[in-house]
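See structure below.
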Amino acid sequence: MPPEYNAATLNDRYREKLNSLKNDRKTHNINGCREFTNQHLNNEGYEYKVCEAVILFLRHLKEESDYTTFHDNGCKYLYYWLYMHVLNKKQSIKYTLKLYKELHRIYNEYHDSFNTFDKYINEMNEDTSYKLVKLTDMYNDFEKFHERITPPAPKENCTSGVKDLYTKYLDECKNGYDYDFCDELKNFRKKHNFIIQKVLLCKGEQYLLPPVEKPDKVGTTVIPFSLITVTSLILPIMYKFTAFGPWIRRIIGKNKNILEYLNEETNHSLNNYEILDDSSDIPNYNIAYNSS
Numbered sequence: 001m002p003p004e005y006n007a008a009t010l011n012d013r014y015r016e017k018l019n020s021l022k023n024d025r026k027t028h029n030i031n032g033c034r035e036f037t038n039q040h041l042n043n044e045g046y047e048y049k050v051c052e053a054v055i056l057f058l059r060h061l062k063e064e065s066d067y068t069t070f071h072d073n074g075c076k077y078l079y080y081w082l083y084m085h086v087l088n089k090k091q092s093i094k095y096t097l098k099l100y101k102e103l104h105r106i107y108n109e110y111h112d113s114f115n116t117f118d119k120y121i122n123e124m125n126e127d128t129s130y131k132l133v134k135l136t137d138m139y140n141d142f143e144k145f146h147e148r149i150t151p152p153a154p155k156e157n158c159t160s161g162v163k164d165l166y167t168k169y170l171d172e173c174k175n176g177y178d179y180d181f182c183d184e185l186k187n188f189r190k191k192h193n194f195i196i197q198k199v200l201l202c203k204g205e206q207y208l209l210p211p212v213e214k215p216d217k218v219g220t221t222v223i224p225f226s227l228i229t230v231t232s233l234i235l236p237i238m239y240k241f242t243a244f245g246p247w248i249r250r251i252i253g254k255n256k257n258i259l260e261y262l263n264e265e266t267n268h269s270l271n272n273y274e275i276l277d278d279s280s281d282i283p284n285y286n287i288a289y290n291s292s
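The opening position of the sequence shown corresponds to residue 1 in UniProt numbering, with each subsequent residue numbered one higher.
Take a look at the structure:
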């Protein structure tokens, strides 16, 4: 399965395609779009053009390539485009997700009986959408920084301006145990530090992003297993050579007597239940409770 966010891949290409489709003056009479309405896309003809752009973009993804990553990246960027360039960040992540899935429903219903993009779009939820927006924004900010600097960069131009955001997202990665999010931050760090050091030729650790330390899966399991191992070694020794042995035997003896008594009572109750059950073939069941 492809990575969950893929925030940097092919964004320019997707953005140019979507914008050209939305701004195209030609009308393509796309099925399903004439009926589409949205209260936040209320400029004359804008609802239709957005719907048309989305349907044609998804059709383009399907026809352009069978490559899974190309489809996945395109679907992810489509969400970002709706949030950033159509709704202009004026609506919530949740609302954008609702619009996104409504347009996908129209595409499936009228244009794709195979539901080609379900596995990519259905995995999008509020959390993944929120992180996708943050990651894409961070990549875009860094791209703008990179484009305006001519190497070798003077010291005052070596600070990319994304370190605070990156550090904040590092905390979310560690605290949220989101390994895909952590991996995407790791990818961003590699790109950032490579450009700072090798392209802009900046010298100094202060311009670099710190490494991503993912939540430790192993650490959470090693301690319990260690305790089990140590306990299994110590208990036999304590049982055989210390006062712990006679004490635990007394406890086990008492518990054994209690268990034997409970088993006798349970068997007696089950026998009574079987007698009652044999005579209970009528539709309305009467449940008897012992009043003792």
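Glycine included, each C-beta is placed from N, C-alpha and C at the ideal position.
If I measure Cβ to Cβ from Trp81 and keep anything under 6 Å in the same chain, skipping five residues before and after, which residues do I get?
Result list for Trp81: Leu18, in chain order.
Using a Cβ-Cβ cutoff of less than 8 Å, which residues in the same chain neighbour Leu56 once the five nearest sequence positions on both sides are dropped?
So the qualifying residues of the chain are Leu21, His28, Ile30.
Close-in-space but distant-in-sequence residues of the same chain around Lys62 (CB under 6 Å, 5 per side omitted)
Excluding residues within five positions, the ones whose Cβ falls inside 6 Å are Thr116.
Where do the ends of the alpha helix (DSSP H) carrying Val54 lie?
Its alpha helix (DSSP H) spans residues 46–64.
Could you check what DSSP says for His104 in three-state terms: helix, strand or coil?
Helix.
Extent of the continuous alpha helix (DSSP H) to which Glu172 belongs:
Glu172: member of the alpha helix (DSSP H) spanning 163–176, first to last residue.
Using the C-alpha atoms, what's the distance from Phe142 back to Val162?
For Val162 and Phe142, the distance between alpha carbons rounds to 7 Å.
Report yes if the C-beta of Glu63 is less than 6 Å from at least one heavy atom of the ligand FMN; otherwise report no.
Looking for the ligand FMN in the displayed structure turns up nothing, as the structure carries no ligands at all.
Taking C-beta to C-beta, are Pro152 and Leu201 nearer than 7 Å?
Closer than 7 Å, so yes.
For Phe142, name the three-state secondary structure that DSSP assigns.
In the structure shown, Phe142 adopts helical secondary structure according to DSSP, grouped into three states.
Use the C-beta contact count for Asn88: other C-beta atoms within 10 angstroms, 16 or more gives buried, fewer gives exposed.
Flag for Asn88 reads exposed.
So the alpha helix (DSSP H) Phe181 belongs to, where does it begin and stop?
If you look at Phe181, you'll find it in the alpha helix (DSSP H) that goes 179–194.
Alpha helix (DSSP H) segment containing Glu213, residue limits
Per DSSP, Glu213 lies in no alpha helix (DSSP H) and is assigned neither H nor E.
How should Tyr107 be labelled, buried or exposed, when 16 other C-beta atoms within 10 angstroms of its C-beta is the threshold for buried?
Its Cβ being crowded by 16 or more others within 10 Å, Tyr107 is buried.
Thinking just about the alpha-carbon of each residue, which of Glu126, Leu132, His85, Tyr100 is nearest to the one in Asp118?
The option with the nearest alpha carbon to Asp118 is Tyr100.
Starting from the Cα of Gly74, find the closest Cα among Arg15, Ser113, Cys158 and give me that residue.
Closest by alpha carbon: Arg15.
C-alpha distance - Tyr5 paired with His111, whole-angstrom precision
The alpha-carbon atoms of Tyr5 and His111 are separated by roughly 26 Å.
To the nearest angstrom, how far is the alpha carbon of Asn157 from that of Ile149?
One C-alpha to the other measures close to 7 Å.
Selected residue, minimal CA-CA separation from Lys26, among Tyr79, Lys49, Asn122, His192
When C-alpha distances from Lys26 are compared across Tyr79, Lys49, Asn122, His192, the shortest belongs to Lys49.
If you count every other CB in all the chains shown that lies within 10 Å of the CB of Lys94, and 16 or more means buried, which is it?
So Lys94 counts as exposed.
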